[in-house]
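For reference, the structure discussed in these notes is given below.
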Amino acid sequence: MARMGMVFDIRRCIGCNACVVGCKQENSLPDGVFFTRTLSEDYGVYPNAGRVYIPTLCNHCEDAPCEKVCPSGATYTREDGIVMVDDNKCIGCNSCAVACPYDQRTALGKDLFEKGLFGEGELTAFEEQGYTRFTPGTVTKCDFCSERVDAGLDPACVVTCPTDARIFGDLDDPESKPAKLIKERGGRPPMPEKNTKPKVYYVT
Amino acid sequence: MATRDFPIVGDSLVLGYRFQRHWDNSMATAFFFGELGAGLFLIGALYGSLISMIFGVSITAILKTYFHMAHMGVPGRAWRAMIRPDRSWISRGFISIVVFTGAALLNILLNGFGLAETLGGGAVVSAIAWLMKVLSIMAALFVMTYHGFAIADSSSISFWNTGLMPVSSVAYSALSGVVLALSLDPAATAAGTFLLPSAHGAALILLVVTTIVLLAMINAANRGSPGARKSVRLLLKDGPYAAWFFGIVMAVGLLLPFVLLVLSEPNRLVYLVTAAAILAGYFSFRVLVFKIGLYDPIISFAPET
C-alpha cells in the first residue's frame with residue numbers, strides 16, 4: 037500500500053502564498069481557517085540578512101499524537117497513510133489540537149459559518165456550497181485533498197504552486213519524485229525529537 | 438528542538454513560538470472544579486464529613502460537566518468521549534467521572550444517610566455499601582490525578598510535558614479539598630484519626646507540599662527545553678502573567694493561607710478566608726498553565742552562524 041507524503045523544496049519556495057489561496061478555495065475554508073500556511077524566517081543582520089519561507093501543513097504523522105489522544109475515535113489513518121478526521125464522530129474537545137506539536141488543527145467555531153467571509157452575516161454562493169462539507173463545532177485539518185488523491189490527482193496546494201516547491205507522492209515508492217528528493221538531498225522531517233514520524237519532509 | 442532564541446509570534450506567519458489557545462478558560466475551569474470536587478469528596482470520606490462528600494460530588498458532577506460542555510464544540514456527542522480509554526486520558530477521565538459520580542452517590546445514600554441499615558443491613562447490602570465506599574474513594578483519587586496526566590500527555594507543549602503535572606494536580610486537589618472541608622464542617626474535620634492528622638494539620642502539610650511541587654515543576658521546566666524555559670519566563674518575568682502568578686498564585690494562594698493557618702486562632706472565619714485564598718490561587722494556577730503553553734517553532738532553516 038502507498039504511503040502518501042509531501043516534500044517541500046525550501047530553495048524553490050518564494051512565499052507567494054498561492055498554495056494557501058489554492059487550499060482555501062479547494063476546501064472552501066471559512067475566514068481565519070488555514071490547512072496550510074507559509075511561515076517566514078529572517079536571519080542575519082543587514083547587510084548580511086536573509087529570509088527563508090517555510091511552508092507548513094498537517095504532517096500526516098505515522099505515529100500521530102492527534103490520533104492517539106482523540107477520545108471519540110474521530111481521527112484515523114487511511115491505508116495510504118493520510119490522517120483523516122471523521123466529523124460525524126468528532127466532539128470538538130480540542131485534545132488533538134493540543135497534542136499536535138505542529139499546531140495544525142483548527143476548531144470550527146459556529147460563528148464562522150454565520151458571519152461569512154465578509155463578516156456581514158450573509159454567505160456568498162461560494163460559501164453556501166462549500167460550508168456544507170463542515171460540521172460546526174468540530175476540529176478540522178488538512179487531509180492532503182483526499183478526494184483529489186482518490187481521483188489520482190495531486191493536492192490543490194501542489195498543483196497551484198508556481199515554483200514546484202511542493203512535491204507529492206508515495207514515499208514508499210523509491211522511484212517517486214518525493215522519495216528521490218528525500219534520498220538525494222537529505223530530507224528533514226519537522227521536529228524529529230517529537231517522535232511522530234511525519235510524512236512531510238523539507239529539502240534545501 | 439529550537440536552538441535559536443525565537444520570538445513568540447502569535448498568529449503571525451513568522452517562525453517562532455505560538456501560544457496554545459485550544460484549551461481555554463472553560464477547560465481550565467472544568468479541570469479546576471473536577472479536581473476540587475474530587476479532593477473535597479475524598480477528604481470528606483476520610484474525615485467522615487457527609488456535607489463535604491455531598492458538596493464534593495456535586496461540584497464534580499455538575500460544575501465540571503457544565504464547563505466541559507461549554508468548551509466542547511459538539512456537546513450532543515459528549516458520550517463519544519468515553520470510547521477510547523485504551524489511549525486517551527480524556528476517555529479515561531470521562532469514565533472515571535461517571536464511576537465516581539455513581540459510586541459516590543450510592544456511598545452517600547447507603548453509608549452517609551444510613552440507607553444500608555434501613556434496607557436491613559444484610560450481607561449483600563453491607564457488601565455493596567462497602568464496595569461503593571472503596572470504589573468512590575478510588576475513583577475520587579483517579580479524578581484528582583487524571584487531569585494532570587491529560588495535560589502532561591501533550592508532548593507538543595514543553596511546559597506541560599512533565600511528570601510533576603499529575604503530582605501538582607493531586608497536591609492542589611487535596612489541599613483545596615481539605616480547606617474547603619474545614620470551612621464547611623469544622624467540627625467533623627477538627628480531630629484526626631489514628632492514621633490521619635487533624636484537617637488543620639493536613640492543610641498545613643499540603644500547603645508546604647504544594648508549594649514545593651509547584652516550585653520543583655517551574656525549576657524543572659526552566660532547566661528543560663527552550664519552549665519550557667520560554668513559558669517559565671512568561672510566568673515569572675514577562676507580561677501580565679508574572680504579576681498574576683506572584684500576586685494570586687503565590688502570595689494570596691499559598692503564603693497568606695500559611696500565615697493564617699499558623700498564626701490565627703482556628704475558627705470558621707479563618708478557614709473560610711483561607712479556603713477562598715487557596716481556591717483563588719489554585720484557579721489562577723489552572724488558568725495560567727493553559728495561558729503560558731507554547732508550541733515550539735517547527736523547523737529552522739537559518740544558516741548556522
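First to last, the protein sequences are chains A and B. Quick note: to get the working numbering, add 36 to the position in the first sequence (first position is 1). Quick note: to get the working numbering, add 437 to the position in the second sequence (first position is 1). Where a beta carbon is used, it is the ideal one built from N, C-alpha and C, also for glycine.
Interface residues of chain A around A515 (chain B) at Cβ under 7 Å?
Neighbours of A515 (chain B) on chain A, chain order: I127.
Just mark V121 (chain A) as buried or exposed, buried being the case when its beta carbon has 16 or more other beta carbons within 10 Å.
buried
Which class does Y82 (chain A) belong to by DSSP, given the choice of helix, strand or coil?
coil
Extract the residue ranges of the alpha helix (DSSP H) inside the segment 448–536 of chain B, only unbroken runs of 4 or more that lie entirely within it.
462–484, 487–495, 502–508
Cα-Cα, which of A:V239, A:P137, A:G222 is closest to G664 (chain B)?
A:P137
So, is the C-beta of F531 (chain B) closer than 9 Å to a C-beta in chain A?
Chain A, which has a Cβ nearer than 9 Å to the Cβ of F531 (chain B), makes this yes.
Expressed to the nearest angstrom, what Euclidean distance is found between the alpha-carbon atoms of K125 (chain A) and T176 (chain A)?
12 Å
Output, in sequence order along the chain, the residues in the segment 54–74 of chain A whose CB is closer than 8 Å to any CB in chain B.
R73, T74
Spatial neighbours of K230 (chain A) within its chain, please: C-beta separation below 6 Å, excluding the five flanking residues on both sides.
P137
For the segment 644–666 of chain B, which residues have a CB atom closer than 7 Å to at least one CB atom of chain A, in sequence order?
none
Can you list, in chain order, the residues of its chain whose CB lies under 8 Å from that of S76 (chain A), leaving out five sequence neighbours each side?
Excluding sequence neighbours, S76 (chain A) sits near G51, R87, V88, Y89, I90.
Measuring straight from C-alpha to C-alpha, what distance separates R39 (chain A) and D139 (chain A)?
22 Å
So what does DSSP say about F44 (chain A), is it helix, strand or coil?
strand
How big is the Cα-Cα spacing for F162 (chain A) and R202 (chain A)?
A direct Cα-to-Cα measurement between F162 (chain A) and R202 (chain A) gives close to 27 Å.
Identify the contact partners of F738 (chain B) in chain A, using a Cβ-Cβ distance below 8 Å as the criterion.
I46, E77, V88, I90, Y238, T240
Would T171 (chain A) count as contacting chain B if we go by Cβ distances under 9 Å?
yes
What distance in whole Å lies between the Cβ atoms of Q457 (chain B) and Y678 (chain B), which are believed to be in contact at a cut-off of 8 Å?
So it is not a contact: roughly 14 Å between Cβ atoms.
Which runs of the alpha helix (DSSP H) spanning at least 4 residues fall entirely within the segment 47–125 of chain A, listed in chain order?
54–63, 101–105
Between L477 (chain B) and G684 (chain B), which are expected to be in contact by the criterion C-beta below 8 Å, what is the C-beta distance as a whole number of angstroms?
Wrong, their Cβ atoms sit about 25 Å apart, outside the cutoff.
Compare the C-alpha of R169 (chain A) against each of A:Y237, A:R114, A:D123, A:H96 and name the closest.
A:D123
Count the other C-beta atoms from every protein chain shown that fall within 10 angstroms of the C-beta of D442 (chain B), then say buried if there are 16 or more, exposed otherwise.
Burial state of D442 (chain B) is exposed, judged by a 10 Å Cβ sphere holding fewer than 16 other Cβ atoms.
I'd like to confirm the pairing. Which residues does DSSP put opposite R202 (chain A) in its beta bridges?
A:F44
Alpha carbon to alpha carbon, what distance is there between C129 (chain A) and F586 (chain B)?
16 Å
Spatial neighbours of G447 (chain B) within its chain, please: C-beta separation below 8 Å, excluding the five flanking residues on both sides.
Closer than 8 Å at the Cβ level, and outside the excluded window around G447 (chain B), lie R455, F456.
Between which residues of its own chain and L643 (chain B) is the CB-CB distance below 8 Å, once the five residues before and five after are set aside?
A608, A611, L612, V615
Just to check, is the beta-carbon of P634 (chain B) closer than 8 Å to a non-hydrogen atom of the ligand PLP?
Among the ligands in the structure shown, none appear at all, so the ligand PLP cannot be discussed.
Can you tell which of B:A717, B:G539, B:M509 has the C-alpha that lies nearest to the C-alpha of A688 (chain B)?
B:A717
Output yes or no for whether 9 Å exceeds the beta carbon distance between F71 (chain A) and C197 (chain A).
Cβ distance not < 9 Å, so F71 (chain A) and C197 (chain A) don't count as in contact.
Between which two residues does the alpha helix (DSSP H) containing Y708 (chain B) stretch?
705–728
Excluding the 5 residues preceding and the 5 following G493 (chain B) in the sequence, name in chain order all residues of the same chain whose CB lies nearer than 6 Å to its CB.
Result list for G493 (chain B): G474, L477, F478, G481, in chain order.
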